[in-house]
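Since the structure comes first, as structure tokens, the remarks are kept for the end.
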Amino acid sequence: MTARFRTASGGRVDRARPIRFTFDGKSYEGLAGDTLASALIANGVHFVNRSYKYHRPRGFLSAGAEEPNALVGVAEGPGRFAPNLRATQTPLIEGLAVTSQNRWPSLAFDVGAVNDLMSPFYGAGFYYKTFMGPNLFGKNWAWKTIYEPIVRRAAGLGQPPTNADPDAYAQYYDHCDVLVIGAGPSGLAAARAAAAGGAEVILCDEQAEMGGSLLAETRATIDGAPAAEWLARTLADLAALPNVRLMPRTQAFGYYAQNFVGLAETVSQDERARNADAPRERLWQLRAREVVIAAGAIERALVFPDNDRPGVMLAEAARVYLNRYGAKVGERVVLVTAHDSAYRAALDLKGAGVEVAMIADLRAKADGALPQAARAAGLRVLAGATIHAAAGKRRVAGARLSAPGFAEQTVACDALLMCGGWTPSVHLHSQSRGKVVWEEARGLFLPGDSVQRERSAGACRGVFGLAQAMADGARAGADAASRAGRPSPTMEAPAVADAPEAFGGALGDQSPPAARKAKAFVDYQNDVCAKDIRLAVQEGMRSIEHVKRYTTTGMATDQGKIANMNALAIAADKLGRSVPEVGLTTFRQPYTPVTFGLFAGASRGDLFDPVRKTPIHDWAASQGAAFEDVGLWKRAWYFPQGREDMHAAVRRECRQTRASVGMFDASTLGKIEVVGPDAARFLERLYTNPWAKLEVGRCRYGLMLNEQGFIMDDGVIARIAADRFHVTTTTGGAPRVLNHMEDYLQTEFPDLKVWLTSTTEQWAVIAVQGPKSRELIAPFVEGIDLSREATPHMSVREGRVCGAPARLMRVSFTGELGFEINVPPDVARSVWETLWAAGAALGVVAYGTEAMHVMRAEKGYIIVGQDTDGTVTPDDAGMGWAIGKAKADFVGKRSLARADLSAPGRKQFVGLLTENPRVVPMEGAQIVARADYAVGEHAIGHVTSAYDSPALDRSIALAVVENGRARMGETVFIAAVVAGQRRDSRHGLRSRVPRQEGRAPRWLALSLRRRAAARSRGARCPPGRASRSQSRRRRRASSCAATRRSPRRPAPPSASPFPAHPARRPRARGAPRSGSDRTNGY
Amino acid sequence: MRFSLLSVARQGLAGNEGWPEQWRSPEPKAAYDAIVVGAGGHGLGAAYYMAREHGLRNVAVLDKGWLGGGNTGRNTTIIRSNYLWEESEAIYEHAMKLWEGLAEELNYNVMYSARGVMMLAHNTHDVQSFQRHVAANQLAGIDNEWLTPQEAKAFCPILNIEKTIRYPIVGAALQRRGGTARHDAVAWGYARGADRLGVDIIQNCEVKGIRRDASGAVAGVETTKGFIATKKLGVVAAGNTSVVMGMAGVRMPLESYPLQALVSEPVKPIMPCVVMSNTIHAYMSQSDKGEMVIGAGTDAYTSYSQTGGLHIANHTLDAICELFPVVRRLRMLRNWGGIVDVTPDRSPIIGKTPVPGLFVNCGWGTGGFKATPGSAHVFAHTVATGEPHPIAAPSISIASAPGG
């Protein structure tokens, strides 16, 4: 059954392919090629929505992207509901389920419609003036408790989706010589001209069919052929060219720096039907040498009372529905216009058998070519007319008109078509940072000088006539191609006939003076009326930005495509200033709304961020390891055996490592190969430590500061050759450190001959730690003398391990004798497994990051990012020894000289022991100086790390405390946290602390005792055995482990870093190093 | 005219013709007792409090554009005071207390909405960091509490707490008093309040130079509307601080970066609170109008361009869709940028300068909006009395800062 308002023939719909869909539950039939809007119009449905604020009935204003009214919710199956879609842009597909929005309980009967009656009190910005009281129960009570919830429920447009979107979105990068945006007459001409000389051309258009205004053109001929024929031929010609790509359904939504343009392509239903894996949309991030913007123009609405009734439409939209979709907007229409172009619609509608009751021209004279043609066709034209109002409520019923010699009366109609002229779409030009200039004569903002390599063509720069626009497009296309460095042979512009130019235009409020209090809509969607704009100006809003924000005009989902020019003119009129003086609001991307999912693309689930795994990862997984996220890495956290929980596993791993030997996968450590004749000089400037004299084959702990003098990163650096260093960084800091190095190398030290290469993934690192580590690896090491004398602590040797080329470092992050074996990643697992198998006899254990953390804390080593927070200087950390005193300069040195960074009272890194050895304080707990503190007490520091120490069989903590080093031996206190949870290494999870009354911390959780660590240097550090730096390290380490007098159980012999056994195995004391394994921030 | 339900009713019945200008648009006088450069929330607020609390009424606020047109009108309107350091806690909590009474104080509904700000933890480092915040805030008497993932989801039902996602949520820190406000209304409310106390707000008046007398002290400003004399000049020109201070020969330890934000099309209420994730760089709330308001990170490089790269929006939205899968099919309506001034320690500078009579309030980075009332109040004290407010006293004086 043919829909009532469908024409018998004509248009680009396929009458042989009916499509069923539902609107608010009622079933309708449309045709292939319809939009949702054209299908509803063909069925005589115009009332499709309620407005945002006043809940007024609304229909279709336009036929395109500028539509402010006809927003609907569209469901395409589970999880595939999208709100706020424009019916005018929604292609009709079989089974589409469409619902109207912003009404309850139904579109016809809507409770919210009462707002329309209350509208005198809902003037612009009324909500800033009220809803502030009474505040019966505290400040701001009324707004928060009563008014805001009501406002929020009333606001919003469509219903939000309730399920995750199952569809896929794809992203591509591409480039071309010439990008032509818009495939209307000027865009087609531009693409033809640009492609003629071989330039790579992309032509995109937001619509499913290319052709723009030609799709509705029935009168003009081009090169002697009807426009539709010329269009088909031209598109076929372009499609056949190897250097041209046509991209329909593709919106250029954003123009970014350096001719970078974002394109959003909607994948066609046909393609999705053919290929189930096809994405819903594609994002093209395109770099174009040259851009031609041929975005066209948007028809302007007329502002008059009740201009929002369903059936009040833009004139050209009615022509598009008729000529392109074969849908008549009504049976009897009245046109109100200030521009010749509306006469085309009148003529076409009459030709289709629609009664054109009247053309009311607001201009005093209407005698251009088109008005004359209309008169000649017998249409009644009323010049010098005034439009008083639209009649009707749920559907327009008439136009109240008057004119000289025509007394005010209502002319009945079921569609009121209006045209206030045309507004060039300067959006993309403006987004490209180009300014717009005001043309007073025609009342248009036009593109000014280009800032980027773009030019506008056709209607979007005010060239409106079909012939003129095509010639303009051809010129722009040729210009773009030649500027892209391609030949651009001269092409004849298409010859256009029977397309008389249209002139005219009106801006601002067309209401008669007596009707200035009526609702004459400027921004339909946000229910902003002309009087609201005037009220804003009356209240002192003088900038268009203020008017916009105060009234919300132009802030709706069409972003003012319909509203802005009229709003501007009304504001300017009220201010008594010119339009350009009042200014234009900024155009921002996107041109029309773009799906979030498109930006996210494939970045979801596991692909959200790449997962980095070490070569040993799968082995750890096979051993049942639990993993933790550290930056992008998955790191083995602990290796539970049987029914062990984390705490038990970590205790076992620590104990066994200290008792015999442990293996740890340290492959995630950042590695940078610093090479070149100036490599040592470069490191001198980037790290605080001296490097020039470091011997080849030796390692040194390096400390890196940021420009502010605070610790940024650290790691062991090995000198492989005079001109080659193997630099390690923290796991999380690797990219940051490399960037920092490159930044300095390229901008500050370009004179240095240094090359930086990230080798993080070129070396897998197997740390073998513990008293039996040498015994474990020795049988597999070739070409390296592992003896204490030949390979002393902090040395690096190259040789083979298990037959693989290796860099072997003797370093320790546990305090035990230790080695780190760097091998190529492809052999890392076999090396690991070989060592693992051999270690069985020695009692080898695999340990994870948690045990690593515990053991380094027992030793007192910092972890950058956990024990430091960007405010810790080397001296604060007790690492003043790491600063090369003789060095002329290094990054951060100047800042260290600031008074603030050496002022008394700085927080210094110390160890803490709880009075109750079983309690592990919360990491991050605040430290106060006295037990009877109150809320507001000054915190003298905080706990940075805290663990249950297996070696000491009690809790230990690291902290920064004001004047910490001078407080050795004092007792400090931890402020309680009253509600919430804490991390507790005994359980490995977060355990709840019971909620308590009141917000304020009111109890002392624990008191902490600091131990004087280094009782005396001599006692702990035999003269001559330890370097100065070592002794300082020891002091810090001991501070958290000074259980000398009553250790619950003797620390294992290898736990030499602790003061209980200072002299027994001094050689086991490694240099501090750290693995900031917890940072993945900046 | 006082704003109230009654005045709205009365004016509504009278056709809304009686509403007066909310502020005048005067021409500048030859001289003022104090001039504030920058008519954003901080600058207008400073003028308001100078007039209201310090009796300094012969004051002008100058702006090169329209009032509230800088970062005040471009931010994502988040308000919270759960900062880590005592100095920051003090200023942001000072602001928070003022926010709570601001609508009544200004007789302007700034729509401060204490809907709760929740910061998500995704890994051990986050847990350590946020629990430290919780501990520090509670000690300072500032509300902040730790939530389990389930509690976080109960507070924000659209949150994805599946353990299978790339960065599972392992907990959250919640400040219930945190929330949002209507950013434009803050600027307008202060403008109206200051204007009523006699302050001249002079828009479209760009400062081109700072004139100093023989002693080196401030004598006035050269503007596009001519010379205006003053002995007290407060610069609150975020995004352009370095440029304006440079006119007095003061080099600021600031870097300026574009910061982007975006909104979706409006939908019915779906999200009752503000959620932030520093780890995956995303934060979101829903405005009273129904738009999902989303903040992105700063661009990697310094710039004065009030726009930003597409890749930033991409990364922000993939994070948002990961945390809130139901919004994937919503659509981005508008994407914009502002310029933030960042100090080396990411903390603001409010205080005196080496130039007598010249005061500066800057360096708020991405945290300026939430501080607006507190910053304005403290800066008013600084300009009016010539000495730092106790809350701002800990700030590093720029005389000793690098480049100062």
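These protein sequence lines are chains A and B, in that order.
Residue numbering for the first sequence follows the working numbering, starting at 1 and increasing by one per position.
Residue numbering for the second sequence follows the working numbering, starting at 1083 and increasing by one per position.
All C-beta atoms, glycine included, are put in the ideal place defined by N, C-alpha and C.
Given the structure is predicted, the values throughout are model-derived calculations rather than measurements.
The beta strand (DSSP E) spanning residue i covers which residue range?
{"i": "Ile359/A", "result": "355–361"}
{"i": "Asp1423/B", "result": "1413–1424"}
{"i": "His388/A", "result": "386–392"}
{"i": "Ala1131/A", "result": "Given that chain A is displayed from residue 1 to residue 1082, the structure contains no residue 1131/A and the question cannot be resolved."}
{"i": "Val1375/B", "result": "1374–1380"}
By the three-class DSSP mapping on this structure, what secondary structure does residue i have?
{"i": "Gly878/A", "result": "coil"}
{"i": "Asp984/A", "result": "Low confidence applies here, because Asp984/A scores a pLDDT of 31, under 50, leaving its location unreliable and the question unanswered by this model."}
{"i": "Gly435/A", "result": "Reading off the sequence, residue 435/A comes out as Lys, not Gly. Coil at Lys435/A, not helix or strand."}
{"i": "Lys53/A", "result": "coil"}
{"i": "Thr1083/A", "result": "Nothing about residue 1083/A can be reported from this structure: the residues present for chain A run from 1 to 1082 only."}
{"i": "Asn566/A", "result": "helix"}
{"i": "Arg577/A", "result": "coil"}
{"i": "Thr221/A", "result": "strand"}
{"i": "Thr423/A", "result": "strand"}
{"i": "His46/A", "result": "coil"}
{"i": "Ile1086/A", "result": "Since the first and last residues shown for chain A are 1 and 1082, residue 1086/A lies out of range."}
{"i": "Glu492/A", "result": "coil"}
{"i": "Cys1287/B", "result": "coil"}
{"i": "Ala1318/B", "result": "The sequence shown places Val at residue 1318/B, rather than the Ala named in the question. Val1318/B: coil per DSSP, three-state reduction."}
{"i": "Ala16/A", "result": "strand"}
Shortest alpha-carbon distance to residue i belongs to which of the options?
{"i": "Asp751/A", "options": "Phe682/A, Thr871/A, Gly924/A, Ser667/A", "result": "Phe682/A"}
{"i": "Asp361/A", "options": "Asp348/A, Leu302/A, Asn323/A", "result": "Leu302/A"}
{"i": "Gly458/A", "options": "Ala297/A, Gly158/A, Arg736/A, Leu347/A", "result": "Ala297/A"}
{"i": "Ala1475/B", "options": "Gly1433/B, His1459/B, Ala1458/B", "result": "Gly1433/B"}
{"i": "Thr971/A", "options": "Glu915/A, Ala399/A, Pro615/A", "result": "Glu915/A"}
{"i": "Val312/A", "options": "Thr266/A, Arg400/A, Asn259/A, Leu382/A", "result": "Arg400/A"}
{"i": "Ala216/A", "options": "Tyr255/A, Tyr321/A, Ala804/A, Lys634/A", "result": "Tyr321/A"}
{"i": "Asp1225/B", "options": "Arg1258/B, Leu1202/B, Glu1233/B, Met1201/B", "result": "Arg1258/B"}
{"i": "Asp948/A", "options": "Ala571/A, Lys139/A, Thr871/A, Ala649/A", "result": "Ala649/A"}
{"i": "Met1127/A", "options": "Ala374/A, Ala841/A, Met210/A, Lys144/A", "result": "Only positions 1 to 1082 of chain A appear in this structure, which leaves residue 1127/A out of reach."}
{"i": "Lys859/A", "options": "Leu952/A, Lys144/A, Ser432/A", "result": "Leu952/A"}
{"i": "Ala82/A", "options": "Lys129/A, Arg280/A, Gly421/A", "result": "Arg280/A"}
{"i": "Asn135/A", "options": "Gly624/A, Lys144/A, Phe627/A", "result": "Lys144/A"}
{"i": "Phe1441/B", "options": "Leu1315/B, Pro1430/B, Asp1115/B, Glu1171/B", "result": "Leu1315/B"}
{"i": "Asp1423/B", "options": "Tyr1165/B, Val1141/B, Gly1321/B", "result": "Gly1321/B"}
{"i": "Leu756/A", "options": "Gly156/A, Ala680/A, Leu584/A", "result": "Ala680/A"}
{"i": "Thr337/A", "options": "Pro310/A, Gly597/A, Pro371/A", "result": "Pro371/A"}
Grab the span of the alpha helix (DSSP H) containing residue i for me, first residue to last.
{"i": "Asp532/A", "result": "530–538"}
{"i": "Met1132/B", "result": "1123–1136"}
{"i": "Gly839/A", "result": "825–839"}
{"i": "Gln746/A", "result": "734–747"}
{"i": "Asp1266/B", "result": "1265–1278"}
{"i": "Thr849/A", "result": "849–859"}
{"i": "Leu188/A", "result": "185–195"}
{"i": "Val1326/B", "result": "1323–1328"}
Margin query: Runs of 3 residues minimum, wholly inside the stretch 686–710 of chain A: which ones carry the beta strand (DSSP E) assignment?
Written below: As far as the stretch 686–710 of chain A is concerned, its whole beta strand (DSSP E) runs of at least 3 residues are 699–705.
Next item on the list: Only counting runs of 3 or more residues, tell me where the beta strand (DSSP E) segments fall wholly within the stretch 1182–1238 of chain B, in order along the chain.
Entry: Complete beta strand (DSSP E) runs here, min 3: 1199–1203, 1227–1229.
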